[in-house]
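Participant: Protein chains in written order, with this note's numbering: chain A, 1 to 371; chain B, 372 to 449. A virtual CB, placed ideally from N, CA and C, is assigned to each residue, including glycine. Structure in C-alpha cells, see below.
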Amino acid sequence: MRARDQEGKLFMERIRVETLAVQRECDLRCLRRRAVTALGAVGAPVLWWLVYRLLQPAADFVTYRLLSLAPHTHLASSISFFLFEVPKVLMLLLLVVFGVGIIRSFFTPERTRQILAGKRESAGNVLAAALGIVTPFCSCSAVPLFLGFVEAGIPLGVTFSFLIAAPMINEVALVLLFGMFGLGVAALYLATGLLIAIVAGWTIGRLRLERHVEPWVYQFQADGVAGFVEESVDWTARMAMGRQAVKEIVGRVWPYVVAGIAVGAGIHGYVPQGLMASFMGKGAWWSVPLAVVVGIPMYSNAAGIIPVVQALLEKGAALGTVLAFMMSVIGLSLPETIILRKVLRWPLIAAFVGVVAAGILLVGFLFNLVF
Amino acid sequence: MMRLQILGTGCPRCKQLLANVQQAVADIGEEVEVEKVEDIKEIMKFRVLATPALAVDGVVKAAGRVLSPDEIKKLIAS
C-alpha cells in the first residue's frame, strides 16, 4: 500500500476509536445536544450577520415598494430611517448584551471590592473606573455597594470613581455608539468617560468630604455573619447569564429604543439640515453648558438617547455638545441621586454632581475645539 | 420551617424576585416562610454588595440577580 493510503487508513482508524470513546462517555442524547450547541454556536453569528446585512434593503423595500412612498420626501425619509434603525439597534443590543453578560460573569462586586481594598488613591481611582465598566451594577445596588466599599476601607474618592464609571460607560452605550458612528466615537466615549470618572473621583477624594457621609455608615458594624460567597461558575452557567442579561436588559430597554428612534426619525426626516448647527453647533459656546444643564435632570438609558444623538449630529449639532448631552443624561440620574441620599448628605451629593458636570463640560468644550 | 428572605430596597428586580419566590413556594407546596427585607440597615447585616439577594435560613445563596422559580426550587430542595 502506498504511504498516503496508509496514513489515510490510520487517520480513519483514529477517528473511529475517538468517536467510540466519546460515545461511551456521552450517549446519543448527549451527542445530539452537543451537536446542536455546536451548530448554534457557529450558525447563530452567521445568521445574525446575514439578517443584519439585509436590514437596509428590507427597510427600503418596505418604504418605497410596499408603502409606495415617494423618495426624498420627509415622510419616506423618516419611515425608512425608522424601519432600518429599529431592528438594527435591537440586533446590535442582543449581540452585545449577551457578550457583556458573559464577560460580567467573570466579575462580581465582591471580587471588585477585594481588588480595590487597600489600594491608595490615584491607582485606586484608575482601577475603580476600569472595574466600573465590567462589574455588573444596577443603581438600586448603589447603597449596599457603597456601604460594602466603605467597610472594606476603600477611600471615598475611589468609590466615587466606580460609581461614576458604572452607569455612564455601559456596554449598551458603547455598542450603540460603535454601531452608529464607528469605532472612533465609541473609543472616544470610553476614553473620556474613564477620564472623567478617574479625575472626578480623585477630586472628590481630595475635597475631604467624608464628614458629609451619613454617620451611621461609618458606625456600621457587621454582625459577623459570613458574607456572600460566590459559587464557582461553569460555562453553561455563563451562557445562561448571558441569556438572562439579554432577557432583562433588552426586554426592559426596547421601548426606549423604539421611542428614541422614533424621535430620531422625526428629526431625520423633518428638521432642516443645519438647524441644529445654529444652536447646538460649534459657534454657540453656550450650547455645551446648556446641554449639560438640560441633560442632568433627564434620565434615559443609553439605548433610548443614542438614536436622538445620531439625528442631532446629522443635522449639524457639534460632536462635543452632543456627547456632553449624552453623558449628562446617562451618567447623572435623578433616581440614583435620590437613592444615594440614604448614605450621603446633600453637600456631598452636590459636590458629586458638580464635579462630574464640570468634567463633562470640559470634555464638551474640548471636543468642540478639536473636532 | 425553612425561611427565605428576599433582600432589596424595592426596585422592580426585587419585586420580580419576590414574585418568583412566591411562585416556587406555591409550586412546591411545602411550608416555607417568605420575608421581604427592605430596610437598608437590615439588608447590610447580610453583607451583600448587590441587590436583589436571596437568603435561605440566614445564609445568602445568591446576590445581584433575579433567580428563576426553577432555580429557587432547586435551592429549597438542597
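(1) Straight-line CA distance for A:Ala186 to A:Val172?
(2) Tell me the rounded alpha-carbon separation between A:Gly201 and A:Val363.
(3) Taking a contact to mean a Cβ-Cβ separation below 9 Å, would you say A:Tyr189 touches A:Met326 in this structure?
(4) Do you know whose CA, among A:Val96, A:Trp285, A:Phe81, lies nearest A:Asn170's CA?
(5) Mind pulling the alpha helix (DSSP H) runs of 4 or more residues that sit fully within the region 397–432 of chain B?
(6) So the alpha helix (DSSP H) A:Met326 belongs to, where does it begin and stop?
(7) Would you say A:Ala165 and A:Gly205 are within 9 Å of each other, going by their C-beta atoms?
(8) Can you list, in chain order, the residues of its chain with a C-beta nearer than 6 Å to that of A:Val322? Leave out the 5 residues immediately preceding and following it.
(9) So with Cβ pairs under 9 Å, would you call A:Ala226 a contact of chain B?
(10) Mind pulling the chain B residues with CB within less than 7 Å of A:Leu145?
(11) Confirm, please, whether the CB-CB distance from A:Pro307 to A:Gly260 is below 9 Å.
(12) Could you tell me which chain B residues have their CB closer than 9 Å to the CB of A:Arg113, listed as they occur along the chain?
(13) State yes or no: is the beta carbon of B:Arg374 nearer than 9 Å to at least one beta carbon in chain A?
(14) I'd like to know if B:Ile399 contacts chain A, where contact means its C-beta is closer than 9 Å to some C-beta of that chain.
(15) Under 7 Å Cβ-Cβ, which residues of chain A neighbour B:Ile411?
(16) Mind checking which residues open and close the alpha helix (DSSP H) that includes A:Met241?
(17) So, using beta-carbon positions, are B:Gly379 and A:Cys140 closer together than 9 Å?
(18) Looking at the structure shown, is B:Gln376 part of a helix, part of a strand, or coil, going by DSSP?
(19) Identify whether A:Leu369 lies in helix, strand or coil by the three-state DSSP scheme.
(20) Looking only at its own chain, which residues have a Cβ that is under 7 Å from the Cβ of B:Lys444, when we skip the five neighbours before and after it?
(21) Between B:Thr422, B:Leu438, B:Val392, which has its C-alpha nearest B:Val403's C-alpha?
(22) Answer with buried or exposed for B:Phe417, where buried requires no fewer than 16 other C-beta atoms within 10 angstroms of its C-beta.
(23) Please tell me whether A:Ala191 and A:Trp254 are closer than 9 Å, where the distance is taken between their beta carbons.
(24) Taking all protein chains shown into account, decide if A:Val329 is buried (16 or more other Cβ within 10 angstroms of its Cβ) or exposed.
(25) What do you reckon, is the C-beta of B:Ala421 under 8 Å from a heavy atom of the ligand ADP?
(26) Can you list, in chain order, the residues of its chain whose CB lies under 7 Å from that of A:Leu334, leaving out five sequence neighbours each side?
(27) Would you report the Cα separation of A:Ala197 and A:Leu66, rounded to the nearest angstrom?
(28) Within 9 Å (strictly less), CB to CB, does A:Met239 reach chain B?
(29) If distances are taken between C-alpha atoms only, which option among A:Met91, A:Val294, A:Ala128, A:Ala317 comes closest to A:Leu47?
(30) Whole angstroms is fine: what's the gap from A:Glu110's alpha carbon to B:Leu420's?
(31) Compare the C-beta of A:Thr159 with all C-beta atoms of chain B and state if any pair is closer than 9 Å.
(32) What in chain B is Cβ-close to A:Gln244, meaning under 9 Å?
(33) Let me know the secondary structure DSSP gives B:Ala434 once reduced to three states.
(34) Start and end of the alpha helix (DSSP H) containing A:Trp202?
(35) Measuring alpha carbon to alpha carbon, tell me which of A:Ala142, A:Tyr256, A:Thr135 ends up nearest A:Thr337.
Facilitator: Put simply:
(1) 11 Å
(2) 16 Å
(3) yes
(4) A:Val96
(5) 411–415
(6) 319–331
(7) no
(8) Val309, Leu312, Leu313
(9) Legend: pLDDT at A:Ala226 = 48, less than 50; position of this residue unreliable, no value from coordinates given.
(10) Leu420, Ala421
(11) yes
(12) Leu420
(13) no
(14) no
(15) Val143, Lys342
(16) 235–245
(17) yes
(18) strand
(19) helix
(20) Ala395, Asp398, Ile399
(21) B:Val392
(22) buried
(23) no
(24) buried
(25) Among the components of this structure there are no ligands whatsoever, and the ligand ADP is therefore not found.
(26) Pro297, Tyr299
(27) 49 Å
(28) no
(29) A:Met91
(30) 7 Å
(31) no
(32) Arg436, Val437, Ser439
(33) strand
(34) 183–206
(35) A:Ala142
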